[in-house]
Structures are given as structure tokens and as C-alpha cells.
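Let me begin by presenting the structure, written as C-alpha cells, before commenting on it.
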Amino acid sequence: MSFLKSLFKTKDQAINSYSDFWNWFGENEQKFYKVLKVQGNINLVFFDKLAPKLNELKDGFWFLAGMYDDNTAELILTADGIIKNIVFVEELVEFAPNMNNWKITALKQPSDRNQFGIEMDGYKFDESKMNFYSTDHKSMPDEIDITITHQDFNEENRVLMTNGVYLALDNSLGELKSITTIDNVNIINPKDAANELIPLEKLKDFLTWREKEFVEKYKGLRHNTENDSYSSLEATLNNGLPLLAIINMDLLNWDSKSSHPWISVMEIKYDGKNNNGMPNDSTYQLLN
């Protein structure tokens with residue numbers, strides 16, 4: 029799986045839905061399969077055709093392709109480390125039809141060998157070259173902040189080293205776990221380490237322990253918001269529609285530390301054109 033291509037291509041045909049994309053792919057899959065099978069001009073025949081079609085659906089789709097076994101080609105669609113794009117990758121793969129001699133996979137999966145190890149541009153990214161340690165933050169006690177050391181790291185090859193380390197993490201942990209479990213990754217030379225180095229092969233066990241610790245820590249109900257007091261704010265937008273904000277006033281006095289240095293935002297779209305921007309009764313019940 030050595031072929032990774034970014035998707036900044038010129039659009040030449042309308043692809044407006046997942047079905048449109050897979051219909052187009054189905055019309056060309058035999059040609060794509062053949063060029064992967066014989067290791068022909070993969071860029072020209074496959075990647076240069078596939079990239080613009082994916083890009084028409086949404087910016088942020090990346091992919092890898094290769095032979096899964098002697099008779100099966102695999103196309104891996106990936107978010108390339110962008111969490112917000114994971115859902116779109118998974119949706120696209122869910123719409124994929126069954127095709128003979130093809131395996132369509134969402135996100136890079138962990139290596140069957142259950143170990144770190146890739147080579148890129150003459151550098152090895154494995155347990156012989158890399159170690160790690162974790163940095164704890166008192167203000168964010170649940171943040172998983174990992175520093176990975178590489179013996180060949182320097183400021184001149186920072187970009188290459190960063191790409192290699194992230195690919196090694198994806199290869200060993202799987203893309204989903206790599207980008208959703210670890211909050212921050214820092215890459216340095218071992219001589220700059222601030223803590224005792226831990227062998228890289230122990231990273232999986234460390235992450236599993238931190239995950240388990242987090243679940244056990246918060247599995248009990250910390251706060252019931254049912255009887256909290258709320259304040260509402262209202263404004264009018266330039267288009268005349270109302271803007272409402274509901275604030276839980278009790279949570280403003282939260283007596284504990286934040287779990288992570290980020291917040292989640294949920295956006296729910298509905299048609300409010302005929303109700304002054306507000307949901308109708310049936311939509312309101314769904315939202316409630």
C-alpha cells in the first residue's frame with residue numbers, strides 16, 4: 029500500500045452523490061484493477077482519474093490502493109488524520125457496492141503484524157529508532173500528550189519525520205485509534221527528551237490503559253442537569269430571523285477541571301422557512 033495521493037485536481041465531470049461516484053467507479057473498476065494487478069502506470073490510469081471524482085464529493089478525501097492478495101485489489105479511503113472527515117469517509121464506503129476482485133476499506137487499518145515499522149525516503153520508523161513518553165497536564169488531566177523520539181530527527185527533516193511518524197502510528201494502531209485516542213503528538217530527537225524514554229512497542233498498552241482509566245473515571249454520573257437553572261438570550265440576525273442561545277448557569281460554576289482542551293459542536297439542520305426560522309412541531313419533537 030505505497031500509493032498515497034492528495035486530491036487537488038481539476039473537476040471534469042459532475043459527481044453529486046455517493047451513488048454517482050460508485051456508478052462511475054463501477055464503469056472503470058476493471059481498468060483500475062488491471063493496472064494495480066500488473067503494476068502499470070497507476071498514476072495515469074487510476075489515481076489521476078480517481079482523485080478529481082472524489083474531490084467533487086468533498087474536499088479532504090485521500091486514498092491508498094494496492095493488491096490485497098493475488099486476486100483482490102483494495103482501495104482504502106482515508107481522512108488523512110482529519111477527525112471531522114472520518115464520518116464522510118465511512119459514509120462513502122458504506123455506499124460502496126459489492127464488486128468482484130475489490131475490497132473497499134474505510135480508514136487505514138492496523139497492521140496484521142501488530143507492530144510498528146515503515147521505511148520512507150531512506151529512514152526507518154520502527155521500534156529500533158523510536159521511543160516515547162507521555163506528558164501530564166494538571167489543568168487537563170485526561171489529555172493524552174505523547175512525545176515520540178526518533179534517532180534521526182533534526183529541524184531540517186522535521187516535515188519528513190512528522191509524516192513518517194504519523195504513518196507509522198496509523199500503520200500500527202489504525203487510523204481511527206491513532207487520531208481519536210492521542211490528543212497531541214510531539215516529535216523530537218532523543219537528546220531533547222524531558223522524561224524517561226519508554227520503548228515504542230509499549231505504546232499500544234499505554235493507550236489502552238489510559239482509555240480504560242478514562243472510562244472508569246467517568247462511568248458514574250458526575251452531574252445531573254435536569255434541575256439546573258438556565259438563561260436564554262435572543263438576538264435578531266441581519267436577515268430578520270431570530271438567534272437564540274440557552275445557557276446552563278449552574279455549569280458556569282463547575283468545580284472540576286476540564287477533561288480536554290476542546291469542545292464539541294453539534295449542528296442540526298432543519299427547514300424553518302415557513303416558521304420564522306424555528307422548527308415546526310414535528311421537528312421540535314425530534315430535536316427534543
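When we follow our numbering, the leftmost residue of the sequence shown carries the number 29, and every step to the right adds one.
Heads up, the beta-carbon is just placed ideally off N, CA and C, and yes, glycines get one too.
Between which two residues does the beta strand (DSSP E) containing residue i stretch?
{"i": "N276", "result": "270-276"}
Is the beta carbon of residue j closer than 8 Å to that of residue i?
{"i": "N217", "j": "P270", "result": "no"}
{"i": "A323", "j": "L135", "result": "This structure cannot settle anything about residue 323, because the visible part of the chain is limited to 29 through 316."}
{"i": "D170", "j": "F242", "result": "yes"}
{"i": "A221", "j": "F153", "result": "no"}
{"i": "K77", "j": "A101", "result": "no"}
{"i": "S27", "j": "F234", "result": "Coverage of the chain is limited to positions 29 through 316, which leaves residue 27 absent and any answer about it impossible."}
{"i": "W52", "j": "F123", "result": "no"}
{"i": "T133", "j": "I104", "result": "yes"}
{"i": "V193", "j": "I215", "result": "yes"}
{"i": "L228", "j": "M158", "result": "yes"}
{"i": "D173", "j": "N212", "result": "yes"}
{"i": "K232", "j": "L261", "result": "no"}
{"i": "I176", "j": "F160", "result": "yes"}
{"i": "G150", "j": "N113", "result": "no"}
{"i": "D278", "j": "D256", "result": "yes"}
{"i": "E55", "j": "W130", "result": "no"}
{"i": "G300", "j": "M306", "result": "yes"}
If you count every other CB in all the chains shown that lies within 10 Å of the CB of residue i, and 16 or more means buried, which is it?
{"i": "F74", "result": "buried"}
{"i": "M189", "result": "buried"}
{"i": "T208", "result": "exposed"}
{"i": "D198", "result": "buried"}
{"i": "K297", "result": "exposed"}
{"i": "E84", "result": "buried"}
{"i": "L35", "result": "Note that L35 scores a pLDDT of 45, beneath 50, so its modelled location is shaky; the value from the coordinates is reported in the next line. Counting Cβ neighbours within 10 Å, L35 comes out buried, since at least 16 surround it."}
{"i": "K219", "result": "exposed"}
{"i": "Y258", "result": "exposed"}
{"i": "L82", "result": "buried"}
{"i": "W90", "result": "buried"}
{"i": "Y61", "result": "buried"}
{"i": "I210", "result": "buried"}
{"i": "S30", "result": "With a pLDDT of 43 at S30, under the threshold of 50, the modelled position of that residue is not reliable, and the figure given next carries that caveat. With fewer than 16 Cβ atoms within 10 Å of its Cβ, S30 is classed as exposed."}
{"i": "A273", "result": "exposed"}
{"i": "S206", "result": "buried"}
{"i": "E203", "result": "buried"}
{"i": "A79", "result": "buried"}
{"i": "N302", "result": "exposed"}
Alpha helix (DSSP H) containing residue i: first to last residue?
{"i": "L261", "result": "Element bounds for L261: not the alpha helix (DSSP H) but the beta strand (DSSP E), 258-264."}
{"i": "V213", "result": "Where V213 is concerned, there is no enclosing alpha helix (DSSP H), although the beta strand (DSSP E) it sits in stretches over 212-216."}
{"i": "S310", "result": "309-315"}
{"i": "F49", "result": "46-65"}
{"i": "A79", "result": "76-85"}
{"i": "E203", "result": "203-209"}
Give me whichever residues DSSP pairs with residue i in a beta bridge.
{"i": "I226", "result": "F160"}
Checklist entry - Fully enclosed by the region 95-135, which alpha helix (DSSP H) runs are 4 residues long or longer? => result 114-122
Checklist entry - Fully enclosed by the region 141-198, which beta strand (DSSP E) runs are 3 residues long or longer? => result 146-148, 151-153, 158-163, 173-178
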